[in-house]
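Trainee: Sending over a structure as structure tokens; questions will come in a sec.
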Amino acid sequence: MTRPDPAIAYQRDRSPGFVSQRVLSELGRRILAGQYAQHSALPTELQLCAEFGVSRTAMREATKMLAAKGLVVSRKRAGTLVQDSSLWNRLDPDVLSWMSATDPDPEFVRGLIEARLAIEPAAAELAARRASAGDLARIEAGYLAMRAADLSDLAACAEADVAFHVSILNASHNPVFAGLASLIGQALENSFRLTTSVSRNYAETLDAHGDVLEAIRLRKPDQARARMRALIDIASADLVNATAKHRP
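For the sequence shown, the numbering used here assigns the number 1179 to the initial residue and increments by one for each residue that follows.
Now the structure itself:
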């Protein structure tokens, strides 16, 4: 096996694009974690350049990328300000990745559940009409992985749950739903830590997933829609419990 050339790796790690991405990721995580409060100014460009040991060019590139994701805005005399969280593009792949390093946001999870209620029951209905044998096998594999997962291993539970839901979105053979599968999957991974950690009846959740699978397999579109909605209602109830648990 050929080992990577240390000189090439060093050049890559010092390249402007790599440096900007490193700075971007760290600043993004800090904003999402609340280290830089909404509506407050980031440290000055010179201060950040000194802290990260990067050029002003790299810092400006990172700031532009943060602005493109809705996290910051530059104002004359005021500097670079953190935007209100309502303006953040939370479905941006980078932002979703940074969110995994912070505590789950109940407001975002609530918004995700509302979006899922609009999308996933319809996707389940279409899957019951259109799913191929391969589609059904993938949905079932996700369900069986959920049943086999160690309940103390939250990452394994989340991975299996995401696989189940993404498989149904893909099985709808609706290009819009299929296009949302990756983003919804990443968002689910982040929200799963909040809702599942307080689930009072994980067996009920597993059974609800099995009910959806059965309706899709038996080609019962109306039943698939209703059962998917019932499944997401469980996540909604978990969110209420989670919010109450974290309320002072």
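For every residue, glycine included, the Cβ atom is placed at its ideal position computed from N, Cα and C. Bear in mind the structure is a predicted one, so any value in this text is a computation, not a measurement.
Which residue spans inside the stretch 1186-1266 form an unbroken beta strand (DSSP E) run of at least 3?
Mentor: As far as the stretch 1186-1266 is concerned, its whole beta strand (DSSP E) runs of at least 3 residues are 1250-1253 and 1257-1260.
Trainee: If you measure between the beta carbons of V1418 and R1405, is that distance less than 8 angstroms?
Mentor: Locating residue 1418 in the sequence shown gives position 240, counting from the first residue. Locating residue 1405 in the sequence shown gives position 227, counting from the first residue. No. Outside cutoff.
Trainee: Looking only at its own chain, which residues have a Cβ that is under 7 angstroms from the Cβ of P1399, when we skip the five neighbours before and after it?
Mentor: As a first step, residue 1399 is located in the sequence shown; it is residue number 221 there, counting from the start. Closer than 7 angstroms at the Cβ level, and outside the excluded window around P1399, lie E1303, A1306 and R1307.
Trainee: If we ignore side chains and look at the alpha-carbon of each, how far apart do M1237 and L1205 end up?
Mentor: Walking along the sequence shown from the start, residue 1237 turns up at place 59. Walking along the sequence shown from the start, residue 1205 turns up at place 27. Each residue's alpha carbon lies about 10 angstroms from the other.
Trainee: Between which two residues does the alpha helix (DSSP H) containing H1351 stretch?
Mentor: Locating residue 1351 in the sequence shown gives position 173, counting from the first residue. Here H1351 belongs to no alpha helix (DSSP H), and DSSP marks it neither H nor E.
Trainee: Who are the Cβ neighbours of I1410 in its own chain at under 8 angstroms, not counting the five residues just before and after it?
Mentor: Here residue 1410 refers to the residue found at position 232 when the sequence shown is read from its first residue. Counting only Cβ-Cβ distances below 8 angstroms, and skipping sequence neighbours, we find I1291, R1294, L1295, E1298 and P1299.
Trainee: Using the three-state DSSP reduction, which class does L1396 fall into: helix, strand or coil?
Mentor: What you label residue 1396 is simply residue 218 of the sequence shown in a count that begins at 1. In this structure, L1396 counts as coil in the three-state DSSP scheme.
Trainee: Kindly list the residues whose CB is nearer than 6 angstroms to the CB of H1351, restricted to its own chain and excluding five residues on each side of it in sequence; keep chain order.
Mentor: The sequence position of residue 1351 within the sequence shown is 173, counting from 1. Answer for H1351: R1308, listed in chain order.
Trainee: Between F1355, E1318 and G1357, which has its C-alpha nearest D1339's C-alpha?
Mentor: The residue labelled residue 1339 in the question sits at position 161 within the sequence shown. The option with the nearest alpha carbon to D1339 is E1318.
Trainee: Would you grab the beta carbon distance between G1257 and L1220 for me? Rounded to a whole angstrom, and I think it's under 8 angstroms.
Mentor: Position 79 of the sequence shown, counted from the start, is the residue given in the question as residue 1257. Position 42 of the sequence shown, counted from the start, is the residue given in the question as residue 1220. Confirmed, about 7 angstroms.
Trainee: Enumerate in chain order the residues of its own chain whose CB-to-CB distance from R1397 is below 8 angstroms, with the five nearest sequence positions on each side excluded.
Mentor: Translated into positions along the sequence shown, residue 1397 becomes position 219. If we look at R1397 and ignore the five residues flanking it on each side, its Cβ neighbours are A1306 and R1307.
Trainee: Pick out whichever of W1266, Q1216, A1413 and D1313 has its Cα sitting closest to the Cα of R1371.
Mentor: By one-based count along the sequence shown, residue 1371 stands at place 193. Minimum Cα distance to R1371 is reached at A1413.
Trainee: On the DSSP letters alone, give me the boundaries of the alpha helix (DSSP H) that P1271 sits inside.
Mentor: As a first step, residue 1271 is located in the sequence shown; it is residue number 93 there, counting from the start. Looking at the DSSP string, the run of the alpha helix (DSSP H) that includes P1271 is P1271 to M1277.
Trainee: Applying the 10 Å Cβ sphere with the 16-neighbour rule, what's the burial state of T1383?
Mentor: Your numbering for residue 1383 matches position 205 in the sequence shown. That one is buried.
Trainee: Can you determine whether any heavy atom of the ligand MG sits closer than 7 angstroms to the C-beta of D1262, and answer yes or no?
Mentor: Absence of the ligand MG is noted for the structure shown, with no ligands found whatsoever.
Trainee: Within the stretch 1316-1368, note down every full alpha helix (DSSP H) run reaching 4 residues or more, in order along the chain.
Mentor: Taking only runs of at least 4 residues, the alpha helix (DSSP H) segments lying wholly in the stretch 1316-1368 are 1332-1349.
Trainee: On the criterion of 16 or more Cβ atoms from any shown chain inside 10 Å, does T1235 qualify as buried, or is it exposed?
Mentor: Position 57 of the sequence shown, counted from the first residue, corresponds to residue 1235. T1235 is exposed by the Cβ-count criterion.
Trainee: Under the rule that 16 or more other beta-carbon atoms within 10 Å means buried, what is V1354, buried or exposed?
Mentor: Numbered from its first residue, the sequence shown carries residue 1354 at position 176. That one is exposed.
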